[in-house]
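Residue numbers for the sequence shown, in the numbering used here: 5 to 385.
Yeah, the Cβ is synthetic: ideal placement off N, Cα and C, and Gly gets one too.
Step one of this worksheet: look at the structure below.
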Amino acid sequence: MTVVAIPIIGQFWIYLVSNVESLLCSIFVLYYLLFDQNLRQRLHNHVVIVILIINFVTEVTDIPWIIYQYRYGVVLLFTPFFCHTWKCIDSTTYSTTARLVAWASVERHILIFHTNWITTKKRKILLHYLPIIAIVTYGVALFTITHFFLSCVRPLNPNSLYCGFYSCIYNSGAYSMFEFITGGITNGFIIATFSAALLARIIRKKLRINQEVNWRKQRKMTIQLISITLLFYIFYLPAALLARIIRKKLRINQEVNWRKQRKMTIQLISITLLFYIFYLPSVIASILESFGILGVHAETLAAYGSFFSYYINFLLAAVCAGTLPHLKIKIKNTIRFWTLHRLTTPTVPMINSIEHNQTGRNCHSMRIDNLSRQPARRFNK
5 MTVVAIPIIG QFWIYLVSNV ESLLCSIFVL YYLLFDQNLR QRLHNHVVIV ILIINFVTEV
65 TDIPWIIYQY RYGVVLLFTP FFCHTWKCID STTYSTTARL VAWASVERHI LIFHTNWITT
125 KKRKILLHYL PIIAIVTYGV ALFTITHFFL SCVRPLNPNS LYCGFYSCIY NSGAYSMFEF
185 ITGGITNGFI IATFSAALLA RIIRKKLRIN QEVNWRKQRK MTIQLISITL LFYIFYLPAA
245 LLARIIRKKL RINQEVNWRK QRKMTIQLIS ITLLFYIFYL PSVIASILES FGILGVHAET
305 LAAYGSFFSY YINFLLAAVC AGTLPHLKIK IKNTIRFWTL HRLTTPTVPM INSIEHNQTG
365 RNCHSMRIDN LSRQPARRFN K
């Protein structure tokens with residue numbers, strides 16, 4: 005199986021630095037969203053909060069375990085339970101995040117153009133809270149069953165990611181096709197179609213009524229969704245282009261990483277011109293691979309796609325942070341406060357102490373002069 009040409013130590017530092025920065029950003033954004041009452045109560049932030057929490061779980065479990073494997077060449081704990089848990093977390097967080105982004109693409113239309121659908125508490129539960137709960141519950145239940153209860157006995161490899169484990173249910177062509185369609189094509193189609201439709205509807209509405217106030221209210225939700233969608237397009241595409249083509253070849257290899265076979269393929273349906281230009285080599289390689297040409301190079305592109313796909317996790321919090329209201333103003337005020345505090349705090353006491361010392365010295369010298377003069381006056385008397 006083709007591997008990334010980046011040295012292992014290079015992969016280690018790339019993931020380590022990226023994950024630490026992303027983890028700090030995730031904590032900041034989650035704190036900002038959860039402890040600000042106005043932001044916490046806004047419906048369009050709820051799915052973003054859930055996505056960030058799932059992403060945070062990935063950053064404190066899945067990615068650190070991958071970093072450990074890159075650093076030491078072996079998995080953190082070579083036990084069946086740990087290997088199954090690791091793979092289960094990876095599959096659950098990846099699949100659930102994709103489904104939540106797809107639902108967010110649909111929900112934005114409701115929140116912007118059909119607010120009367122969620123005017124009552126019952127409608128909010130049915131159209132807002134229930135889909136999010138159902139998506140998370142489905143992902144956790146599905147992969148818990150497939151990775152713990154439907155897994156067969158197969159040798160594990162301590163030198164491979166996830167111990168080389170994948171559930172035996174994927175040997176079934178029917179289930180593989182089911183997950184490929186429901187987990188990849190459907191999510192991708194929804195994300196691409198509804199995100200493009202949302203942007204088109206917003207622009208058309210703005211041009212029609214020319215109402216800047218409404219656009220400013222809706223702009224944050226639109227930019228937030230489009231930014232997250234672009235992350236999926238950019239970092240999930242290479243493996244998605246090649247997953248279906250090399251699936252049969254990967255099945256033969258017992259130490260296959262099922263992640264390469266589950267990448268979202270919907271980017272092939274509705275993407276921008278920049279997207280096609282940026283990934284044109286991958287598209288050409290996938291077409292050539294379908295005709296039996298450049299098989300090794302296609303696998304190389306798939307390997308790099310799998311490696312860099314984790315940048316969706318690394319950049320997700322930063323994208324969400326960029327859409328937070330008044331964030332730039334608060335950051336500037338914080339930086340300005342600490343800058344002024346740093347400049348003024350140490351200097352004022354120093355000046356005061358110098359003046360105090362100089363005053364003390366003058367008073368002390370005056371006392372000495374007076375004392376020295378007093379005996380002279382007495383002698384003269």
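Problem - Whole-number beta carbon distance between residue 96 and residue 144, since they are thought to touch under 8 Å - result: In the sequence shown, the residue the question calls residue 144 occupies position 140. In the sequence shown, the residue the question calls residue 96 occupies position 92. 6 Å between Cβ atoms; contact.
Problem - First through last residue of the alpha helix (DSSP H) which encompasses residue 66 - result: Taking the sequence shown and counting its residues from 1, one reaches residue 66 at position 62. Its alpha helix (DSSP H) spans residues 66 to 76.
Problem - Reference residue 103, options 137, 33, 76, 318, closest by Cα - result: For the purposes of this step, residue 103 is taken as residue 99 along the sequence shown, with counting starting at 1. Here the closest residue by C-alpha is 137.
Exercise for the section: Check the C-beta distance from residue 198 over to residue 110 and give it rounded, since I have them as a contact under 8 Å. Expected result: One-based indexing of the sequence shown puts residue 198 at position 194. One-based indexing of the sequence shown puts residue 110 at position 106. About 5 Å; that satisfies the 8 Å criterion.
Problem - Helix, strand or coil at residue 325 [DSSP, three-state] - result: Along the sequence shown, one-based indexing puts residue 325 at 321. Correct three-state label for residue 325: helix.
Exercise for the section: Might you give, ordered along the chain, the residues of its own chain that have their beta carbon closer than 8 Å to the beta carbon of residue 29, omitting 5 neighbours on each side? Expected result: If you number the sequence shown from 1, residue 29 lands on position 25. Correct list, in chain order: 321, 322, 325.
Practice task
For residue 69, count neighbouring C-beta atoms within 10 Å of its own C-beta (all shown protein chains included) and say buried if the count is 16 or more, exposed if not.
Solution key: For the purposes of this step, residue 69 is taken as the residue at position 65 of the sequence shown. Buried.
Handout entry: As assigned by DSSP and simplified to three states, the class of residue 9
Key = Position 5 of the sequence shown, counting from 1, holds the residue named residue 9. Looking at residue 9 - three-state DSSP - the assignment turns out to be coil, as it is neither helix nor strand.
Problem - Whether residue 160 touches residue 147 by CB criterion (8 Å) - result: Numbered from 1 along the sequence shown, position 156 holds the residue referred to as residue 160. Numbered from 1 along the sequence shown, position 143 holds the residue referred to as residue 147. Going by C-beta atoms, residue 160 is not nearer than 8 Å to residue 147.
Problem - Cβ pair residue 139, residue 131 closer than 8 Å - result: For the purposes of this step, residue 139 is taken as the residue at position 135 of the sequence shown. For the purposes of this step, residue 131 is taken as the residue at position 127 of the sequence shown. No, they are not a contact pair.
Handout entry: Collapsed DSSP secondary structure at residue 314 in the structure displayed
Key = Mapped onto the sequence shown, residue 314 falls at position 310. DSSP places residue 314 in coil when its eight states are reduced to three.
Handout entry: DSSP state of residue 156 mapped onto helix, strand, coil
Key = Walking along the sequence shown from the start, residue 156 turns up at place 152. Of the three classes helix, strand and coil, the one that applies to residue 156 here is coil, per DSSP.
Handout entry: Nearest-angstrom Cα separation, counted from residue 74 out to residue 108
Key = Residue 108 sits at position 104 when you count from the first residue of the sequence shown. Residue 74 sits at position 70 when you count from the first residue of the sequence shown. Approximately 34 Å, taken between the alpha carbons.
Exercise for the section: Look at the alpha carbon of residue 76 and the alpha carbon of residue 317, and state the distance between them as a whole number of angstroms. Expected result: Taking the sequence shown and counting its residues from 1, one reaches residue 76 at position 72. Taking the sequence shown and counting its residues from 1, one reaches residue 317 at position 313. C-alpha separation (whole angstroms): 23 Å.
Problem - Where residue 135 sits in the DSSP three-state scheme - result: Position 131 of the sequence shown, counting from 1, holds the residue named residue 135. Helix.
Exercise for the section: Tell me, please, whether the segment 176 to 183 touches the segment 111 to 120 by the rule of three or more beta-carbon pairs shorter than 8 Å. Expected result: no
Exercise for the section: Report buried or exposed for residue 14, applying the criterion of at least 16 other Cβ atoms within 10 angstroms of its Cβ. Expected result: Along the sequence shown, read from residue 1 onward, the residue named residue 14 stands at position 10. With fewer than 16 Cβ atoms within 10 Å of its Cβ, residue 14 is classed as exposed.
Exercise for the section: In the DSSP assignment, find the alpha helix (DSSP H) that holds residue 182 and state where it starts and stops. Expected result: Looking up residue 182 in the sequence shown gives position 178. Counting along the chain, the alpha helix (DSSP H) containing residue 182 begins and ends at 177 to 184.
Practice task
Since I believe residue 152 is in contact with residue 88 (beta carbons under 8 Å), could you give me their beta-carbon distance rounded to a whole number of angstroms?
Solution key: Indexing the sequence shown from 1 puts residue 88 at position 84. Indexing the sequence shown from 1 puts residue 152 at position 148. With a Cβ gap of about 6 Å, residue 88 and residue 152 count as contacting.
Exercise for the section: Let me know the secondary structure DSSP gives residue 150 once reduced to three states. Expected result: Here residue 150 refers to the residue found at position 146 when the sequence shown is read from its first residue. The answer is helix: DSSP assigns residue 150 an H, G or I state.
Exercise for the section: Mind listing, in chain order, the continuous alpha helix (DSSP H) runs of no fewer than 4 residues lying wholly within the segment 23 to 97? Expected result: 41 to 45, 47 to 64, 66 to 76
Exercise for the section: Identify whether residue 339 lies in helix, strand or coil by the three-state DSSP scheme. Expected result: In the sequence shown, the residue the question calls residue 339 occupies position 335. The answer is helix: DSSP assigns residue 339 an H, G or I state.
Practice task
Using the Cα positions of residue 118 and residue 67, report the straight-line distance between them to the nearest angstrom.
Solution key: Start at 1 with the first residue of the sequence shown, and residue 118 comes out as number 114. Start at 1 with the first residue of the sequence shown, and residue 67 comes out as number 63. Cα to Cα, the separation comes out at about 39 Å.
Practice task
Report the rounded CA-to-CA distance for residue 43 versus residue 17, giving the unit in angstroms.
Solution key: Along the sequence shown, one-based indexing puts residue 43 at 39. Along the sequence shown, one-based indexing puts residue 17 at 13. The alpha-carbon atoms of residue 43 and residue 17 are separated by roughly 35 Å.
Handout entry: Outcome for residue 90 when other beta-carbon atoms lying within 10 angstroms are tallied against a minimum of 16
Key = By one-based count along the sequence shown, residue 90 stands at place 86. Buried is the call here.
Exercise for the section: Kindly indicate which residue of 39, 41, 124, 65 has the alpha-carbon position closest to the one of residue 20. Expected result: Position 16 of the sequence shown, counted from the start, is the residue given in the question as residue 20. For residue 20, the nearest C-alpha among the options comes from 65.
Practice task
Quick one: using the 10 Å Cβ neighbour count with 16 as the cut-off for buried, is residue 54 buried or exposed?
Solution key: What you label residue 54 is simply residue 50 of the sequence shown in a count that begins at 1. Classification of residue 54: buried, given that the 10 Å Cβ count is 16 or more.
Handout entry: Check whether residue 23 and residue 57 have beta carbons under 8 Å apart
Key = Working through the sequence shown from its first residue, we reach residue 23 at position 19. Working through the sequence shown from its first residue, we reach residue 57 at position 53. No; because the gap between Cβ atoms is not below 8 Å, this pair is not in contact.
Exercise for the section: Quick one: measure Cβ to Cβ for residue 162 and residue 82, integer angstroms, because I've assumed they're closer than 8 Å. Expected result: On the sequence shown, position 158 is the one that residue 162 refers to. On the sequence shown, position 78 is the one that residue 82 refers to. Yes, residue 162 and residue 82 are in contact; Cβ-Cβ is about 4 Å, under 8 Å.
Exercise for the section: Pick out whichever of 165, 194, 61, 93 has its Cα sitting closest to the Cα of residue 31. Expected result: By 1-based counting over the sequence shown, the position of residue 31 is 27. It is 61 whose Cα lies nearest to the Cα of residue 31.
Practice task
Report, in whole angstroms, the separation of the C-beta atoms of residue 190 and residue 171, which I expect to be a contact under 8 Å.
Solution key: Stepping through the sequence shown from its first residue, residue 190 is reached at position 186. Stepping through the sequence shown from its first residue, residue 171 is reached at position 167. Residue 190 to residue 171, Cβ: 21 Å. No contact.
Handout entry: Rounded separation between residue 183 and residue 105 - CA only
Key = Position 179 of the sequence shown, counting from 1, holds the residue named residue 183. Position 101 of the sequence shown, counting from 1, holds the residue named residue 105. Their backbone Cα atoms lie some 17 Å apart in a straight line.
Exercise for the section: Report all residues from its chain with a CB closer than 6 Å to the CB of residue 99; omit the five preceding and five following residues, and keep chain order. Expected result: In the sequence shown, counting from the first residue as 1, residue 99 sits at position 95. Only 143, 187 meet the Cβ criterion.
Problem - Status (buried if at least 16 other CB within 10 Å, exposed otherwise) for residue 157 - result: By one-based count along the sequence shown, residue 157 stands at place 153. Result: exposed.
Handout entry: Length of the line joining the Cα atoms of residue 128 and residue 202
Key = Sequence index remark: in the sequence shown, residue 128 carries index 124 (1-based). Sequence index remark: in the sequence shown, residue 202 carries index 198 (1-based). Approximately 21 Å between the Cα atoms of the pair.
Practice task
With DSSP as the reference, label residue 124 as helix, strand or coil.
Solution key: Taking the sequence shown and counting its residues from 1, one reaches residue 124 at position 120. Residue state, collapsed to three classes: coil.
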